[in-house]
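Working notes, structure below.
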Amino acid sequence: MKLDKTGRLVIPSQFRRELGLSPGSEVIVACEEGELRVYTREQALRRVQEYFRRFVPPGVSLVDELIADRREEARRELEELDS
């Protein structure tokens, strides 16, 4: 592959098909360890989720914790209003 005179790089059709890319698709491009990497949005989201999953203990639901925290906060707000 060659860069054109404006510095553009064309992704070959076989790679576009493999990644499920079509005209107008959005991708994330990153330079990691001296390599240019192209990710679909879905792939990037999966990578971020996998990274943060390491910090959540097994059996813990962050959604449930967030809801519980919000309910407790709402309860305290109501108590303050009643006082």
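Counting from 9, one number per residue, gives the positions in the sequence shown under my numbering. In this text, a Cβ means the ideal position worked out from N, Cα and C, and glycines have one as well.
Going by the CB atoms, is the gap between residue j and residue i shorter than 8 Å?
{"i": "L44", "j": "V37", "result": "yes"}
In chain order, what residues of the same chain have a beta carbon less than 7 Å from the beta carbon of residue i, not counting five sequence neighbours either side?
{"i": "L86", "result": "none"}
Between which two residues does the beta strand (DSSP E) holding residue i run?
{"i": "E43", "result": "43–48"}
Starting from residue i, trace the alpha helix (DSSP H) both ways and give me its first and last residue.
{"i": "V71", "result": "70–90"}
{"i": "E34", "result": "First-last for E34: undefined, no H or E at that position."}
{"i": "R62", "result": "R62 -> no alpha helix (DSSP H), and no H or E assigned at all."}
Go through its chain and collect everything with a Cβ distance to residue i's Cβ below 8 Å, but skip five positions before and after it.
{"i": "R55", "result": "Y47"}
Quick check on this structure: which residue in the options has the alpha carbon closest to the alpha carbon of residue i?
{"i": "L29", "options": "D90, E50, I75", "result": "E50"}
{"i": "S116", "options": "R62, M9, K13, G15", "result": "This structure leaves residue 116 out entirely; the chain is present only between 9 and 91."}
Going along the chain, which residues of its own chain have a beta-carbon closer than 6 Å to the beta-carbon of residue i, five neighbours each way excluded?
{"i": "L11", "result": "L17"}
In the DSSP assignment, what are the bridge partners of residue i?
{"i": "E40", "result": "E43"}
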